[in-house]
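Asker:
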Ligand SMILES: C[S@@+](CC[C@H](N)C(=O)[O-])C[C@H]1O[C@@H](n2cnc3c(N)ncnc32)[C@H](O)[C@@H]1O
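Residue numbers (my numbering): 27 to 317.
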C-alpha cells in the first residue's frame with residue numbers, strides 16, 4: 027500500500043479508526059487525522075494500560091477486550107517504540123484482525139511526513155504541556171542567586187516562571203502570545219527582539235528553529251551570564267518515528283556545543299535523561315557559561 031493511499035483510506039474511512047496507544051504518538055496521529063476536511067468521525071483510542079477518556083484530546087479509550095465491537099475498524103498502532111509496537115501487532119493478530127486492517131506507526135509517521143509540511147501549530151492541540159515540567163524544574167536549578175533575569179525562548183505554558191525565585195525577572199517569548207507578557211516573535215520569520223537578561227533558557231524549543239545557529243547566536247548576544255538548553259537528541263534511525271512540526275533533528279549535542287563556543291559560551295555541565303522508554307531519543311540538558 028502506498029503512503030498516499032494509506033492516508034486516503036484513513037481520511038475516507040466511514041467505519042471506526044482505533045488508535046492503539048493513548049499517548050504522545052496516538053494524540054499526534056489523531057490531531058493530524060482531525061486536520062482533514064471532512065475529518066474521520068469515529069476515532070477512539072485503545073490501550074493496554076489506560077481506560078476512560080484521554081484528557082488532552084477528550085477522546086474515549088477502550089480496553090483491548092472491547093475491540094470485539096470494532097471488528098471492521100482500521101487499527102493504527104500508535105506506539106513509537108519498535109519493540110512495543112511489534113508486541114501489539116501480535117496481540118491484534120491474535121484477536122483476529124487481518125494485516126490489511128493494521129497500520130503500523132513507522133508507516134503512518136512516514137506517510138504524514140511525506141505528504142504534509144508539519145508545523146508546530148499542527149501539534150499544539152495534541153501536546154501535553156506538563157510533559158517537560160520535571161526537566162524544566164531540573165534545569166532551573168542552574169539559575170543561582172547571582173542570576174536576576176531570565177528569557178524563556180519558546181516558553182509555551184511558562185512553567186519555568188513557577189520554578190524561579192520571586193525576585194527574578196521572567197521574560198517569556200513565543201510565536202504565540204500565550205499571555206499579555208509574552209514577547210511575540212517567530213524565530214523562523216521575525217527579526218530577533220531587542221531584549222537581554224542574565225540567563226537565556228530554551229526548553230525543547232530549539233528543534234523548531236530552521237536556522238537554529240542564528241537563533242543560538244542571538245540567544246548568546248542576549249544572555250549576560252549563562253544559557254541553559256534542553257533538547258531531544260535522536261538516536262539514528264528513529265527520526266521518522268518522531269512527528270514534530272518543523273523539526274530540526276539533532277543526533278548528538280556536539281553541534282549545539284560547538285555553535286555555543288563560537289558565540290562565546292562554554293559547556294559547564296550536562297545532564298542526560300531518558301525520554302519515554304529510552305528507545306527513540308534521550309534528553310540533553312546543557313548549561314553554558316559566558317567565557
Ligand atoms: C515543545 S514546546 C516547548 C514549550 C516549553 N518550553 C516546554 O518545555 O514546555 C515548543 C514551544 O516552542 C514554540 N515555538 C515553536 N515554533 C516556534 C517558532 N518558530 N518561533 C517561536 N516559538 C516557537 C511553541 O509555540 C511552543 O511553545
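Backbone N, C-alpha and C define an ideal beta-carbon position, used for all residues, glycine too.
1) For residue 253, which option in 314, 182, 296 has the closest C-alpha, if you only look at C-alpha atoms?
2) Given residue 109, which residues of its chain have a CB within under 7 Å of its CB, disregarding the five upstream and five downstream residues?
3) Can you tell me which of the three DSSP states residue 54 falls into?
4) According to DSSP, is residue 318 part of a helix, a strand, or is it coil?
5) Excluding the 5 residues preceding and the 5 following residue 239 in the sequence, name in chain order all residues of the same chain whose CB lies nearer than 6 Å to its CB.
6) Report the rounded CA-to-CA distance for residue 21 versus residue 311, giving the unit in angstroms.
7) Any heavy atom of ligand 1 closer than 7 Å to the Cβ of residue 272?
8) Our contact map puts residue 181 next to residue 195 with C-beta atoms below 8 Å; I'd like the distance itself, whole angstroms only.
9) Would you call the segment 265-275 in contact with the segment 286-294, where contact means no fewer than 3 C-beta pairs closer than 8 Å?
10) Looking at the secondary structure, which residues open and close the alpha helix (DSSP H) in which residue 116 lies?
11) Just to confirm my understanding: we take residue 261, look at its own chain, exclude 5 residues before and 5 after, and list those with CB closer than 7 Å. What are they?
12) Classify residue 53 as buried or exposed, calling it buried when 16 or more other Cβ atoms lie within 10 Å of its own Cβ.
13) Whole angstroms are fine: how far does the CA of residue 72 sit from the CA of residue 89?
14) Below 6 Å CB to CB, which residues in the same chain sit around residue 80 once its five sequence neighbours on both sides are set aside?
15) Identify every run of the alpha helix (DSSP H) within the segment 231-299, keeping only runs that are complete inside it and at least 4 residues long; order them along the chain.
16) According to DSSP, what are the bridge partners of residue 207?
17) Whose C-alpha, out of 91, 184, 63, is nearest the C-alpha of residue 38?
18) Count Cβ pairs between the segment 177-191 and the segment 232-251 that sit closer than 8 Å; are there 3 or more?
19) Which of helix, strand or coil does DSSP assign to residue 190?
20) Got a sec, what are the start and stop residues for the alpha helix (DSSP H) residue 163 sits in?
Answerer: With the structure as the only source:
1) 314
2) 305
3) helix
4) The chain is shown from 27 up to 317; residue 318 falls before or after that span and cannot be answered.
5) Only 285 meet the Cβ criterion.
6) Residue 21 is absent from the structure shown; the chain starts at 27 and stops at 317.
7) Yes, the beta carbon of residue 272 sits closer than 7 Å to at least one heavy atom of ligand 1.
8) Contact flag wrong, Cβ pair sits at about 14 Å.
9) no
10) It spans 108-120 - the alpha helix (DSSP H) in which residue 116 sits, taken as one unbroken run.
11) Around residue 261: 306, 307.
12) buried
13) 6 Å
14) 48, 71, 87
15) 238-248, 280-288
16) Bridge partners of residue 207: none, in fact.
17) 63
18) yes
19) coil
20) 159-166
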